[in-house]
Each structure stands twice: as C-alpha cells, then as structure tokens.
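Below is one structure; the comments refer to it alone.
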Amino acid sequence: MDFSPWVHTALDFFFPAECVYCHDFAGDDRTLIFCRACWESIVKLRPPSCPRCGQPYRSMVVMQHTPDFLCGDCRLSPPFFDRALSATAYTDVIKEAILQFKFHQKPALGKYLIQLLLSCLPDDIDWADYDAILPVPLHKIRQRQRGYNQSVILAKILAWRCNLKPMLANLIRIRATGVQWPLKERRQRKQNVKNAFRLCFPERVKGKNLILIDDIFTTGATVNECSRILKKAGAQSILVLTLSRAGLSDT
Ligand SMILES: [Zn+2]
Ligand SMILES: [Zn+2]
Numbered sequence: 002m003d004f005s006p007w008v009h010t011a012l013d014f015f016f017p018a019e020c021v022y023c024h025d026f027a028g029d030d031r032t033l034i035f036c037r038a039c040w041e042s043i044v045k046l047r048p049p050s051c052p053r054c055g056q057p058y059r060s061m062v063v064m065q066h067t068p069d070f071l072c073g074d075c076r077l078s079p080p081f082f083d084r085a086l087s088a089t090a091y092t093d094v095i096k097e098a099i100l101q102f103k104f105h106q107k108p109a110l111g112k113y114l115i116q117l118l119l120s121c122l123p124d125d126i127d128w129a130d131y132d133a134i135l136p137v138p139l140h141k142i143r144q145r146q147r148g149y150n151q152s153v154i155l156a157k158i159l160a161w162r163c164n165l166k167p168m169l170a171n172l173i174r175i176r177a178t179g180v181q182w183p184l185k186e187r188r189q190r191k192q193n194v195k196n197a198f199r200l201c202f203p204e205r206v207k208g209k210n211l212i213l214i215d216d217i218f219t220t221g222a223t224v225n226e227c228s229r230i231l232k233k234a235g236a237q238s239i240l241v242l243t244l245s246r247a248g249l250s251d252t
C-alpha cells in the first residue's frame, strides 16, 4: 500500500516501532525511538562542563574548586548568551535521528527528541523564570524548500511541555547564509552568520529572560549571533538549548 509521507508521519507518531537508526525493534517508554543498543550508545552530556557554553570538561576536579570556571573560548571571547546546554554528543545514532527529523518529513520525531532533551537537562532549570522561547529561524526560501523549520517544531513542543510562551514570528533570518557545516573554522562560521538575523518587534524582548532553541550546537556561531541581536534589543538573559553538540574531541 502506498501511503503519503504525511500518513507515514502520523503512523510513526503513534507507532514508532522501529529504531530510527538500525530498524531493530524500538518503542519502549524509556528508549523512545531507539532500540536498546542504540539508546545506550547515545552519549548524554552531563556535568562537568563550562557553565557558560556547555563545553564538557574531562575532569570534575576543577569544578569542585571553582564552580564558575569558564572554558578557554568563553574567557577569550565571551558569548552573548548566558548559558548553553546540549542533551547529547553528535554521534551516529543521534545524527541519523536529527537528519530524519529535519529532512525526511518526519516532524513527529520532534516529540521524542524533546523528551530526550528534557531527560538530559540539569535539575536547576526553573521554566517559570523564562518569559518566552524562540526558535533559531530559517530563511524563508530554505523553509519553503524544506516545508518546515525543525527549530519551530522543537520550540512549540517544549513550550507545550514546560508551559512556556512561544515567540515564533519575531526573530527572522534576513540573509540566506550558506550552510555552516562545511566551514570548519570558528572565524568563518562567525562571518557566515554575521548580520543574518533581525527582530521584527525588538521591544517585545526588552528586559525578558529568553530561551533560544536549535537542533545542533557546533561552535555556537549561529546561536551567538541570534543572542547578539536579542541582547542588543535589551533581552535580559538567554538560555540556549540544543539537542546535540557537534565537534567534541573525545566522542
Ligand atoms: Zn537501533
Ligand atoms: Zn565555555
């Protein structure tokens, strides 16, 4: 029987019976859309890490003595966001799940990816402290090609789960930047997104505590440029949440 992609999406939503990576049996409440072996292979990021950008540290020792010890990158060039947290390291299993979510017309996977994110976040986040959640925007041409923006879906689901106010039509991408992934250098990535974003209603972020959500954190250039625009408009604080962190040396 030939189902349309949207029927498949609906079926996947209710019966995610196959592991998104290896197609083995999946679907127990704990392992979500993965089989047990793939679930166990996912590297969930836990402390210790840089309190600003979330870069994992190898040893707990430094944090025991100096809990606010910043990584070299944050000391050299402090980001505009106040804190960034990622759920997982960007290894094969999670990469495939995010690829399917983004490019294979499977927006329903977002529900499980948010569940994974929530299960990895530290307990000290009080959702009531935040005024709104914003997705990292796609340029309208890219969004038209893809059909949807994965970060908007993530923002909507997290808003619903944590009783946050979604702010979906304020921060927009005004420049269709080239893709970030082939650019290896931090400086190139920074340049690629420079002045790519704009706020339609800057007054709505003034004095607000905001959450910015995206799928992958690599050097943080994209979320940092969004944060720069938000802070320039008077945002009080910005927490960046991402599903996965790429470019970690030991994973
Ligand atoms: Zn599997
Ligand atoms: Zn850092």
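Residue numbers are given in my numbering: position 150 of the sequence shown equals residue 151, and the series is strictly consecutive. C-beta: ideal position from N, C-alpha, C; glycine also. Keep in mind it's a predicted model, so treat the numbers as computed, not measured.
Counting every other CB atom within 10 Å of its CB across the protein chains shown gives R174 a total of 16 or more, marking it as buried. When rounded, the separation of the alpha-carbon atoms in S50 and A18 is 35 Å. Close CB contacts of W40 within its chain, under the 6 Å cut and outside five residues either way in sequence, are with T32 (chain order). Leaving aside the five residues that flank I217 on each side, the residues in its chain whose CB is nearer than 8 Å to its CB run, in chain order, Y91, I99, T243, L244, S245, R246 and A247.
With a cut-off of 6 Å, the C-beta of R53 is classified as near ligand 2, since at least one heavy atom of the ligand falls inside that distance.
Looking at L110, L240, A160 and T219, the one whose alpha-carbon comes closest to that of Y22 is L110.
Separation of S228 and A85 (C-alpha to C-alpha, rounded to the nearest whole angstrom) is 11 Å. Note that the region 151 to 165 touches the region 120 to 139; at least 3 beta-carbon pairs, one per stretch, sit closer than 8 Å. In the DSSP annotation of this structure, the continuous segment of the alpha helix (DSSP H) that includes V194 starts and ends at R187 to V194. Under DSSP, P136 takes part in a beta bridge, and its partners are I214.
Distance from the Cα of K45 is smallest, within the candidate group Q146, L114 and P138, for L114. Membership of A85 in the beta strand (DSSP E) is indicated by the continuous run R84 to A90.
If you draw a 10 Å sphere on the C-beta of K107, you find 16 or more other C-beta atoms in it, and that means buried.
Nearest Cα to D30 within the set Q116, L200 and N196: Q116. In the three-state reduction of the DSSP assignment, R143 falls in the helix class. The beta carbons of G221 and C54 sit about 6 Å from each other, so the pair counts as a contact at 8 Å. Residue range D93 to F104 is occupied by the alpha helix (DSSP H) that includes F102, with no beta strand (DSSP E) assigned at that position. The Cβ atoms of L159 and P138 lie no closer than 7 Å to each other. As summarised for the region 18 to 52, the continuous alpha helix (DSSP H) elements at least 4 residues long and confined to that stretch are 37 to 42, given in chain order. Distance between K233 and T178, taken at the CA atoms: about 21 Å. Proximity of the beta carbon of C39 to ligand 2 is not indicated: no heavy atom of the ligand is located closer than 6 Å.
In the structure shown, P57 falls within a strand segment according to DSSP collapsed to helix, strand and coil. Within the same chain, S152, V153, A156 and I214 come within 6 Å of P136 by CB-CB distance, once the 5 residues on both sides are set aside.
For S228, the enclosing alpha helix (DSSP H) has its first and last residue at A222 to K233. D83 is a Cβ neighbour of S238, given a cutoff of 7 Å. Per DSSP, reduced to three states, the secondary structure at L71 is coil, with no helix or strand assignment.
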